[in-house]
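Report on the structure given below.
Protein chains: 2
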Amino acid sequence: MFEAAEAGHRISLEEYKVREPALRQALLEAQYKLLETGNFPVLIIVGGADGAGKGATVNLLNEWMDPRHIVTHAFDEPREEEAERPPMWRFWLALPPKRHIGVMFNAWYHDILQRDDQKPRHDPAPSLDEIRNIEQMLAADGTLLLKFWFHLSRSAQKERIKELESDPKTRWRVTDTDRQHLRHYKRLRKTYEYVLHETSTSIAPWSVIDGSDRYYRSLTAGTLLLDAINKRLAQKRPKAAPPSAQPVPTLDSRNILNTIDYTQALNKKHYQIQLEKYQGRLNLLTRHPRFARKSLIILLEGPDAAGKGGSIRRITAALDARQYRVIPVAAPTDEERTKPYLWRFWRHLPLKNHITIFDRSWYGRVLVERVEKMCSDVVCIRSFHEINDFEAQLIRNDVIVVKFWLAITKDVQLKRFRSREETPYKQYKLTEDDWRNRRKWASYEKAVCDMVTYTSTAISPWHLVPSNDVEFARIRILKTICESVEAALAD
Amino acid sequence: MFEAAEAGHRISLEEYKVREPALRQALLEAQYKLLETGNFPVLIIVGGADGAGKGATVNLLNEWMDPRHIVTHAFDEPREEEAERPPMWRFWLALPPKRHIGVMFNAWYHDILQRDDQKPRHDPAPSLDEIRNIEQMLAADGTLLLKFWFHLSRSAQKERIKELESDPKTRWRVTDTDRQHLRHYKRLRKTYEYVLHETSTSIAPWSVIDGSDRYYRSLTAGTLLLDAINKRLAQKRPKAAPPSAQPVPTLDSRNILNTIDYTQALNKKHYQIQLEKYQGRLNLLTRHPRFARKSLIILLEGPDAAGKGGSIRRITAALDARQYRVIPVAAPTDEERTKPYLWRFWRHLPLKNHITIFDRSWYGRVLVERVEKMCSDVVCIRSFHEINDFEAQLIRNDVIVVKFWLAITKDVQLKRFRSREETPYKQYKLTEDDWRNRRKWASYEKAVCDMVTYTSTAISPWHLVPSNDVEFARIRILKTICESVEAALAD
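These protein sequence lines are chains Y and U, in that order.
The first sequence begins at 1 in our numbering and counts up by one.
The second sequence begins at 1001 in our numbering and counts up by one.
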């Protein structure tokens, strides 16, 4: 991995002076073109040995280009708010918007690279799998992802320290960590090599740059960036290759939705008793000492008028308003549109001891967006994987995820629409969109079946709730939440 | 203040059962109307004695209405990220968007009310002046601001503790703080009374609610909220009264802009020497140990083609990319539009040891928005005050603020426009808007003069920089930043 970067690369000052102005000019032009016509973000991940010129190169790129459209992030140990979320949370929130350039020092490699280090390490760190997944996701989503590794050979590192120490003005820059790193050079190099190999995937390989000569490394990093942006700008967005297989077609008329027993119901009296029982139980659970180390995400999906709003109110009635937040998911805002799809859900992840209830969710991608053909089948099938990965990250990090599909039949929906039309203060709830969606009932049914097939996992199962009877549905939902939380607290 | 709330208010369960359903229904309808047609946010600040029903009432309001459009915030001791910003920062970020209801427990009263308490207090807390200012600002901006204080008389408080203690199942709910508060009842009451009196302004008075009877307090809070929303929905937004005086008119032709000496210039050789000198000085300053406890905000305003971008690049070249962020200010995003004007600047305030450079700023309100009549003169004059208050808060909290007006003459602007037309990669920089703005040169000149008059304060002066010669301007800007930082570090 590092051999080519130890070939003793050098660029003379004279040559640098000739080539730098042209590169600089070209980079600036590329940046402006990206800003005007690009519809993708650029993310540069910078890693490497101490003193190999990571910081200097990033500063130089900022100097060469327009710093107003570059956002640089360095990551220290996670802050309190960060540590209460899955480790990827802070990186997700820092992703650059479309048409901009983001630079992240170490990014999600921050922890994994320190594993071999003497410093205490934040646990749990993103795993190599999570890293490959997020990079795969970003690349598939359109981010131009570049990973620059600045390398120093052992002798170059030794040289650097000697040089700094020889001058009283720079002696302070040599830290104990530097000396330690030199001592453990071989071991560190092995770690780095392993991580770089494991994460040099076809969609986002590392570029290893010899960091010992500043002219060489500056021109190399600049040229890599320039070529990548220009190539991408020139390219028509390639059509993603279709997956080899499509979801299983339905050959008979049976599916998981039309085989539900919709007659299940609860009489009013029973309902009241059960409601109090499960609300009380849920309330106690959210005040359980072990819940303080957990977060809870509840998400509800279902056709219009399936009873999501009413169910949510029966859940929140059991909770303290300071502890939960309800996120109604509608069209993304313009800030959200500039980020990868899941960003707008990451931003709402609850703190420990808190609850987020999503009224519709990230499954919009494989439901409405699929039916309305706002995203292709290819993207949709990719999303199944991304969503599973997202939820797995949550669950690994002490988030309890409970997801519901509120299933109703077509005739019950019609009855509820009619009743909304007749109740003055409910009229606003019924829009032309609802009627439009209703006409696409069959497409939605197909989408839901595929969704459940691909995203109902052992760790994060779908709960299909027969909801023709609202009372029955509400109790089923509350009971399922209680049981899920109980199971998670018992772990 | 508290006398009326000690009159022994009671509502019987029978009466409550009669009145509750109607109130509940009316509140829900009001909420939906707000959501559909309202163009203002509702903010409810909830304060009061322990056990007076703050939490229970907020939970009830969430139960009565649709919790999907209510956001509740409770504030503990500031977290790390919060403590590094001015105390109002976390409250600003939590302001509800238009058409929604926000509930804040204690809000900006959090610290001031604990002053008399035994607990350690976060310092510095928002002062009474800052509190009056933000409430004034919110009200003027259109927020429907309600402040509910739940009161308990000494005997009611005693009663409550006795009652809880008598039942083994509730005994745990009585804390040491409760007992302490009872012991210091008289002193606390005095503090509360003082704070409530001082902040019961004409635009946002407190409503004191007797908290001892749950039926009474629930109906009272609900009714207050219902009436306030309905009254406001029914009301045409009143035209704000014009201020008694307008900015001084210009009777002769002299003003602060046309009396600048625009001939000041710097030759290339001198420029290079000075550039290196001041960039080096600025770099050292940002690595000064005392800078670690400061933040720096630099903002640049000026006509199109005044050289803001070029100056920013000369500043950032002196800095480490990990330490600064450049915020180019353009039209607000749709999320920003739902919040009070200054929200979109509060969200970008730097951490300690960090620097934010604003390329255009909150002064847009009194420049482009005034000239384009996007906001009335009344709002504009109010903004002068709000901006001064904002900057004063920053400065009081260890933020160094340096603001520049880059002044050029009309002929120089024309020359630069022409040169942009001729340079291929600069053409994108010249838009129809630039020509339009140019035609309004005189209006802008007037707006700038008023802006400087009203917002150049002793603690936050405007620096008018003659910028016909870009080299001269860049050095002047760098030098001014260095001197401002030095002065702040010497404090």
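No residue lacks a Cβ here, since even glycine has one placed at the ideal position from N, Cα and C.
Following the continuous beta strand (DSSP E) through Pro424(Y), name the residue where it begins and the one where it ends.
Pro424(Y) -> no beta strand (DSSP E), and no H or E assigned at all.
For Glu14(Y), the nearest candidate out of Arg420(Y), Thr453(Y) and Tyr216(Y) (CA to CA):
That would be Tyr216(Y), whose Cα lies nearest to the Cα of Glu14(Y).
For Ala204(Y), which of helix, strand or coil comes out of DSSP?
coil
In the DSSP output, what is Trp1492(U) paired with across the bridge?
Limits of chain U in this structure are 1001 at one end and 1491 at the other, which puts residue 1492(U) out of reach.
Starting from the beta carbon of Glu1081(U), find every residue of chain Y whose beta carbon is closer than 7 Å, and list them in chain order.
Here the neighbours are Arg79 and Glu81.
Under the assumption that Val366(Y) contacts Phe384(Y) (Cβ atoms under 8 Å), give the Cβ distance between them as a whole number of angstroms.
7 Å
Less than 9 Å separating the beta-carbons of Asn283(Y) and Leu319(Y)?
yes
Below 8 Å on C-beta distance, what does Val1046(U) contact in chain Y?
Within 8 Å Cβ-Cβ: nothing; Val1046(U) doesn't reach chain Y, min ~10 Å.
What residue does the alpha helix (DSSP H) around Ile477(Y) start on, and which one ends it?
Run containing Ile477(Y): Val470 to Ala490, per the alpha helix (DSSP H) assignment.
Label His197(Y) either buried or exposed according to how many other C-beta atoms from any shown protein chain fall within 10 Å of its C-beta, with 16 as the threshold for buried.
exposed
Between His73(Y) and chain U, is there a C-beta pair that is closer than 9 Å?
yes
For chain Y, check one thing: does any of its Cβ atoms lie closer than 9 Å to the Cβ of Ile1298(U)?
no
Based on the DSSP secondary-structure assignment, which residues constitute the bridge partners of Asp1359(U)?
In DSSP, Asp1359(U) forms a bridge with Leu1300(U) and Pro1328(U).
If you run the structure through DSSP and keep just helix, strand and coil, what is Val1248(U)?
coil
Can you name the residues that DSSP bridges to Ala74(Y)?
The partner list for Ala74(Y) (beta bridge, DSSP) reads Phe105(Y).
Comparing the C-beta of Lys1175(U) with each C-beta of chain Y, is any distance below 9 Å?
The sequence as given places Thr at residue 1175(U); Lys does not occur at that position. So, not an interface residue.
Would you check if the region 175 to 182 of chain Y and the region 10 to 25 of chain Y touch, i.e. whether three or more CB-CB distances between them fall below 8 Å?
Look at the beta carbons and you see the region 10 to 25 of chain Y not touching the region 175 to 182 of chain Y: under three pairs across the two are nearer than 8 Å.
So, under 8 Å CB-CB, Val412(Y) and Ile256(Y) are touching, yes? Tell me the CB distance rounded to an integer number of Å.
Not quite, the Cβ-Cβ distance comes to about 18 Å (not below 8 Å), so this is no contact.
Hey, Gly280(Y) and Ala473(Y): beta-carbon distance below 9 Å or not?
no
Only counting the same chain, and skipping five residues up and downstream in sequence, which positions put a Cβ closer than 6 Å to that of Met1104(U)?
Ile1045 and His1073
Just by C-beta distance, which residues in the region 455 to 477 of chain Y are closer than 9 Å to chain A?
In the structure shown, chain A cannot be found, because the protein chains are Y and U.
Using a C-beta cutoff of 9 Å, does Ile101(Y) count as contacting chain U?
no
Measure the Cβ-Cβ separation of Ser987(U) and Ala1052(U) and say whether it is below 9 Å.
Outside the shown range of chain U (1001 to 1491) lies residue 987(U), about which nothing can therefore be said.
Residue closest to Lys1277(U), alpha-carbon to alpha-carbon, out of Ile1315(U), His1288(U) and Arg1254(U)
Ile1315(U)
Proximal chain U residues relative to Val58(Y), where beta-carbon distance stays under 9 Å:
Asp1320, Ala1321 and Arg1322
Three or more C-beta pairs closer than 8 Å, one from the region 264 to 274 of chain Y and one from the region 461 to 472 of chain Y: is that the case here?
Yes, the region 264 to 274 of chain Y is in contact with the region 461 to 472 of chain Y.
Relative to chain U, which residues along the region 332 to 360 of chain Y have a C-beta separation below 7 Å, given in chain order?
Thr333, Asp334, Glu335 and Asp359
Starting from Leu1027(U) and walking both ways along the alpha helix (DSSP H), at which residues does that stretch end?
Leu1013 to Thr1037
Under 9 Å between C-beta atoms, does Asn62(Y) make it to chain U?
At least one chain U Cβ lies under 9 Å of Asn62(Y).
Return the chain-ordered list of same chain residues with a C-beta closer than 8 Å to the C-beta of Asp1167(U), the five sequence neighbours on each side being excluded.
none
Candidates Arg1171(U), Arg1187(U) and Ser1218(U): which alpha carbon is nearest Asn1062(U)'s?
Ser1218(U)
Going along the region 1259 to 1283 of chain U in order, which residues come within less than 9 Å of chain Y, judged by CB to CB distance?
none
Per-residue DSSP class, three states only, for Ser1155(U):
The answer is helix: DSSP assigns Ser1155(U) an H, G or I state.
Counting Cβ pairs, one atom from each stretch, are 3 or more of them under 8 Å apart for the region 1291 to 1305 of chain U and the region 1473 to 1491 of chain U?
yes
Return the residues of the region 1192 to 1219 of chain U that lie within a Cβ-Cβ distance of less than 9 Å from chain Y, sorted by chain order.
none
With 9 Å as the C-beta to C-beta threshold (strictly closer), list the residues of the region 19 to 38 of chain Y near chain U in chain order.
Gln25, Leu28, Glu29, Tyr32, Lys33, Leu35 and Glu36
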